[in-house]
Structure formats: C-alpha cells, structure tokens
Amino acid sequence: MNGIGSIKTVEGLERAGLLGQRGRDALADVAARYAIALTPTVAGLIDRADDADPIARQFVPDAAELIVAPEERADPIGDEAHSPVQGIVHRYRDRVLLKAVHICPVYCRFCFRREMVGPQGLGTLDANAMSAAFAYIRDHKEIWEVILTGGDPLVLSPRRLEGILRELASIDHVKIVRFHTRVPVVDPSKVDAALIAALRVSGKTVYVALHANHPRELSDEARAACARLIDAGMVMVSQSVLLKGVNDDPAILAELMKAFVETRVKPYYLHHPDLAPGTSHFRLAIEEGQKIVAALRGRISGLCQPTYILDIPGGHGKAVIGEQSIRETGEGCYSVSDYRGVEHLYPPAA
Ligand code: SF4
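One point on numbering: in UniProt numbering, the residue at position 233 of the sequence shown is 233, and numbering is uninterrupted.
What follows is the structure, given as structure tokens:
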C-alpha cells in the first residue's frame with residue numbers, strides 16, 4: 001500500500017539524513033505513539049541543510065508532539081458523534097464521508113485524525129462494513145455527495161477503488177463523488193492509467209481535493225499528475241492547513257495558491273489547524289490567520305483566494321473565519337478595511 005522505499009522509522013530517517021537537530025531518543029517516543037511515513041518524493045523535496053525546512057516540518061516527527069495541550073482532543077472535529085455506521089460520517093444532510101481506509105502514503109505531523117490513521121489506527125473497512133456503509137448511503141436519499149477520505153483513499157488498489165465506485169455508480173441519488181488525497185503530490189507516479197480508469201465513475205461527477213501546504217510540493221511531477229486527472233475529466237480543488245513554520249506567511253501562501261491555479265486546481269479551503277493532540281507547535285492565533293488571509297487579498301487574484309475556515313470542535317461543522325474586514329460603527333453604519341488595512345465608511349459620508 002505505502003510506496004516501496006518509503007521511510008517509516010526513526011532509523012530510516014537517520015539513514016536518510018533527515019533528523020537534523022532532532023534528538024533520536026525523543027523521537028522514538030513519538031514514533032511509538034504516531035505513525036511515520038515519507039515517500040521518496042517527499043524525502044527528495046526536503047532541504048537537509050535547512051533545519052527549519054517547511055517540508056521536513058510537515059513530515060519528520062518532532063519531540064514537541066509529546067506535549068499535549070489541555071484543549072487538544074483525540075477526535076478534534078467530532079467524527080465519532082456523527083458516525084451512524086462504521087466508516088460513515090454524516091454531519092451535513094446532503095453529504096457523507098466514507099472512510100474506507102485509515103492508511104496514508106505519508107503521515108502529516110499535524111494530522112487532525114492522527115489517533116485514527118496509521119498501522120495502529122482504524123485500518124481498512126472489511127467487506128461487511130463496506131456493505132453496511134453502502135446500504136446506509138442507499139437508504140438515505142438526501143445524500144447527494146460522497147466524500148472518500150480517511151486516510152487517503154488513493155492508497156487503495158485500482159481494483160478496490162473500482163469496486164467502491166461501481167457501488168456508488170448504482171446509487172441514483174449520489175451525484176458527486178469526491179476524493180481527499182495527497183497522492184498526486186507525495187507519490188505522483190501512482191497517478192497512472194489504471195488509477196485514473198478506476199476513478200472515473202459512470203454518471204457521476206468526480207472531484208479530487210488535493211491537500212498541499214507549501215508551494216514546493218507542487219513539483220513538475222505533481223503538476224503533471226494533476227493534469228492527468230483533470231484531462232481525464234476530474235475537477236480539482238485544493239485543501240491546505242495554515243501551519244506555523246510552514247506557510248504562515250502571505251508571500252508563501254500566495255505562491256502556493258498561485259501554484260494551485262497554474263495547475264488548474266481551484267483553491268478551496270484553508271483550514272485553521274485542528275486541536276489534534278501534540279500539534280500546538282503548528283497552531284497560530286486565529287487573529288494572526290485572519291491578518292495573513294487579509295494580506296492575501298491585495299496580493300493575488302480573486303481566482304487564487306481560498307476560504308479560511310475553522311472546524312468547530314465537537315463535530316459542529318465548519319465556520320468561515322475569513323478576515324476581519326468589517327465592523328459596525330453605528331446603526332446601519334460600518335467601517336470596512338481595504339486590503340492595505342485602511343478603513344472606509346459604509347455607506348460613505350454624504
Ligand atoms: S494525508 Fe490527511 S489523513 Fe493522512 S496523515 Fe495527512 S492529514 Fe492525516
């Protein structure tokens with residue numbers, strides 16, 4: 001499942017020269033708790049001379065992961081509270097998550113499902129659980145969209161994916177099938193003819209939401225993998241997480257969003273980091289995030305603007321946190337900030 005040649009241990013990281021200043025002993029404790037995986041593509045993107053390399057920060061474990069802040073929780077976005085049958089999360093009326101697999105080609109150090117993914121995680125749904133999940137989708141006619149996530153659904157073999165999609169194709173009320181994946185950037189050669197053929201579902205519209213957080217992830221190979229998906233008729237959107245030390249800088253974020261648009265991937269969500277255990281070193285204050293998002297507005301085209309959102313802890317869904325650009329100054333009167341931070345009255349003074 002994970003690509004051959006992936007690094008999955010602290011010793012492997014050391015052999016590959018990827019530990020930097022990180023202490024080997026402390027990392028053993030991290031590795032005992034959370035899965036590690038870096039594909040050869042990801043290992044190749046890391047600048048070993050830079051201790052603060054933003055790609056390494058996303059994938060190489062850090063002793064800071066052992067510090068659990070009081071507000072952090074094992075299920076930060078409340079999947080469990082909305083799971084009527086194994087593998088299904090039904091949080092919003094018209095769509096469900098279908099978590100067929102809890103394996104990923106890489107393990108992100110800030111992962112919001114880090115307690116569920118990995119070799120010690122929730123595994124892959126067996127045939128009975130898959131049948132129950134399909135029966136749930138079939139019985140709920142309000143379900144318009146099925147989002148395959150997990151885990152990364154594109155670690156499944158084309159044969160398994162074909163089987164899942166054949167079932168979904170037979171459910172009339174499902175019109176949209178969406179995949180959440182990192183595969184095109186972390187293992188672009190996996191996006192081959194067999195995978196693409198498996199992802200095409202007769203009679204359904206297929207969306208692929210690509211998770212990437214730094215412009216260097218959009219390598220030539222990654223862009224070519226996206227082009228293969230899009231040329232085969234899939235629509236691509238992006239998902240990124242706003243991460244301290246990775247992309248908490250308007251210039252980096254602007255470059256990332258432009259790289260998506262150049263790749264024909266429409267920027268979609270910019271997530272505020274979730275309260276997953278041992279991830280406080282990645283989190284910035286919401287006000288800082290709002291300032292960064294406001295700075296993006298003046299820098300890049302509207303086509304490149306993502307929606308900055310927070311998943312409300314406890315399973316209450318997403319809230320747009322955007323930027324603080326408007327405040328009420330009196331009845332029916334507002335002060336609106338432009339992209340330079342200059343305030344203007346609305347309606348303007350007579
Ligand atoms: S790919 Fe997604 S599910 Fe997998 S470790 Fe990264 S954030 Fe978590």
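All C-beta atoms, glycine included, are put in the ideal place defined by N, C-alpha and C.
Quick caveat: nothing in here was measured; it's all calculated off a predicted structure.
Determine the burial state of Ser-189: buried for a count of at least 16 other Cβ atoms within 10 Å of its Cβ, exposed for fewer.
exposed
List the DSSP bridge partners of Glu-328.
Tyr-334
For the candidate residues Val-96, Arg-283, Arg-216, whose alpha-carbon lies nearest to that of Leu-310?
Arg-283
Determine the direct distance from the alpha carbon of Ile-300 to that of Glu-343, and round the result to whole angstroms.
20 Å
Whole angstroms is fine: what's the gap from Thr-307's alpha carbon to Lys-318's?
11 Å
Bridge partners - residue 353, DSSP secondary structure assignment
As shown, the chain starts at 1 and ends at 350. That puts residue 353 outside it, with no answer to give.
For Asp-274, three-class secondary structure by DSSP
coil
Is there contact between the region 323-337 and the region 84-96, where contact requires at least three CB pairs shorter than 8 Å?
no
Where Leu-303 and Arg-24 are concerned, what is the direct C-alpha to C-alpha distance, given to the nearest angstrom?
44 Å
Could you pull out every residue in the same chain whose Cβ sits closer than 6 Å to the Cβ of Leu-229, ignoring the five residues on either side in sequence?
Val-208
Can you tell me whether DSSP reads Tyr-136 as helix, strand or coil?
helix
Below 6 Å CB to CB, which residues in the same chain sit around Asn-2 once its five sequence neighbours on both sides are set aside?
Here Asn-2 scores only 47 on pLDDT, less than 50, and its place in the model is too uncertain to base an answer on.
Enumerated in chain order, which unbroken segments of the alpha helix (DSSP H) with a length of 4 residues or greater are wholly contained in the region 137-200?
158-169, 183-186, 193-199
C-alpha gap between Ala-16 and Asp-172, whole angstroms:
49 Å
Could you tell me which uninterrupted beta strand (DSSP E) segments, each at least 3 residues in length, are contained entirely in the region 230-260, listed from first to last along the chain?
235-241
Say yes only if the C-beta of Arg-182 is nearer than 6 Å to one or more non-hydrogen atoms of the ligand SF4, and no if none qualify.
yes
Collapsed DSSP secondary structure at Leu-303 in the structure displayed:
helix
Give the range of the alpha helix (DSSP H) segment to which Thr-279 is assigned.
Here Thr-279 belongs to no alpha helix (DSSP H), and DSSP marks it neither H nor E.
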